[in-house]
Amino acid sequence: MSWLSTTLTSSIGRKLVMGLTGLFLVSFLFVHGIGNLALFKNDGGMAFNAYTVFMTTSPIIRVMEIFLVAGFGFHIYTALTLTNQNKAARPQGYAYKKSSPGVTWFSQNMGTSGMVILVFLILHLINFYAEYHYGIMYDGKIPMVDINMGDHTVNVRNMYEIVKTVFQQQWWVSVLYVGSMVLLGMHLAHGFQSAFKTFGLEHKKYTPAIISIGNVIAVLLPALFASMPLYFLLTGL
Ligand code: HEM
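Residue numbers for the sequence shown follow my numbering, so the first one is 361 and each next one is one higher.
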């Protein structure tokens, strides 16, 4: 096992962990974003509530959740150790011109955008994940709802009404969501292409395509998430 720990603690090993966990987290965002589209269905929230019940009870999703927590954990831990390793190796910092090719504001501020996304994620989990499981703010204010899951019915917290209420009544939460999504876009724009560079996929034929795909993802995913608070804010006016 020592080759594994040696690889994982080397600079290139850590970059591989960053790239792999980053792409895994992007795949989670796709699933989460597409599932959340049920918020836009004009059915009083039935589809979104059924989706939430499925996501929180399906055994496959529960197993995926372990990978998700590990993915976030490794991504953040490795980012911190890699930064320390780089600082220790080069205490003076890089002597590059800010206008060098490939150096962008995004690439230089991955730590800052990552920190904002982490703060967003903690608030998001308190807002919705903890609310769904433990009912922190809305128990007694928003009635529970019966969801027909085909062969059985479950009585759960009405996440559709909770999401709608949070976005409409706490407008600052909506603003924070939209702002965080801008930083998520910046993080993805650099992170996506950087992961493929680490995997050794740097080629004058493929690199422009990888950068373009990364840019499309970096715009589409955050726009999809930002559209949800914006939708409720605007329809609640
Ligand atoms: C505005 C857009 C979003 C809405 C409406 C939303 C909604 C929700 C809701 C209702 C839950 C709790 C129920 C469940 O586990 O399915 C949840 C969980 C979660 N969300 Fe979001 N979310 C949004 C954006 C995001 C973003 C951008 C991220 C990541 C950067 C994220 C990460 C998570 C995670 C990690 C969980 C826990 C997942 C699990 O335990 O399976 N969400 N979200």
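For each residue, glycine too, the CB sits at the ideal point set by N, CA and C.
Since we're looking at a predicted model, the values are computed, not measured.
Would you check if the distance between the CB atom of residue i and the CB atom of residue j is smaller than 8 Å?
i	j	result
threonine 417	tyrosine 492	no
serine 473	methionine 546	yes
threonine 616	valine 377	No answer is possible for residue 616: it lies beyond the span of the chain, which begins at 361 and ends at 597.
tyrosine 591	phenylalanine 400	yes
threonine 558	glycine 379	yes
leucine 597	tryptophan 531	no
phenylalanine 488	leucine 536	no
leucine 581	glycine 393	yes
alanine 586	valine 538	yes
leucine 385	glycine 431	yes
isoleucine 496	alanine 490	yes
Flag residue i as yes if its beta-carbon sits less than 8 Å from any beta-carbon of chain B, otherwise no.
i	result
methionine 541	Absent here is chain B; the protein component of the structure consists of one chain.
Does residue i pass the burial test, meaning 16 or more other C-beta atoms within 10 Å, or should it be called exposed?
i	result
histidine 563	exposed
methionine 519	buried
tyrosine 494	exposed
methionine 588	buried
valine 476	buried
asparagine 515	exposed
glutamine 553	buried
glycine 560	exposed
serine 371	exposed
glycine 574	buried
Thinking just about the alpha-carbon of each residue, which of the options is nearest to the one in residue i?
i	options	result
phenylalanine 388	Ser587, Met415, Asp403 and Ala410	Met415
glycine 405	Leu561, Thr525 and Gly551	Thr525
glutamine 325	Ala407, Arg374 and Phe432	Only positions 361 to 597 of the chain appear in the structure, and residue 325 is not among them; the question remains open.
methionine 395	Asn409, Asn402 and Phe384	The sequence shown places glycine at residue 395, rather than the methionine named in the question. Cα-wise, what sits closest to glycine 395 is Asn409.
glycine 382	Phe427, Thr367 and Ala398	Phe427
asparagine 508	Ala407, His484 and Ser365	Ala407
leucine 397	Asn469, Ala549 and Ala583	Ala583
histidine 435	Lys447, Met470 and Asp403	Met470
phenylalanine 527	Asp499, Ile571 and His484	His484
glutamine 529	Glu425, Tyr498 and Ser365	Tyr498
asparagine 402	Glu521, Ile420 and Val463	Glu521
Taking the DSSP output, what are the residues bridged to residue i?
i	result
threonine 513	Asn508
Flag residue i as yes when its Cβ comes closer than 7 Å to any non-hydrogen atom of the ligand GTP, and as no otherwise.
i	result
proline 589	Ligands in the displayed structure: the ligand HEM; the ligand GTP is not one of them.
Spatial neighbours of residue i within its chain, please: C-beta separation below 6 Å, excluding the five flanking residues on both sides.
i	result
lysine 565	none
alanine 578	Gly545, Leu548 and Ala549
serine 362	none
alanine 555	Gly379, Gly382 and Leu383
isoleucine 571	Gln553
In chain order, what residues of the same chain have a beta carbon less than 8 Å from the beta carbon of residue i, not counting five sequence neighbours either side?
i	result
phenylalanine 466	Ser473, Met546, His547, Ala549 and His550
histidine 512	none
valine 523	Leu399, Phe408, Phe488, Met588 and Phe592
aspartate 506	Thr513, Val514 and Asn515
threonine 366	Gly373
methionine 504	Asn515, Val516, Arg517 and Asn518
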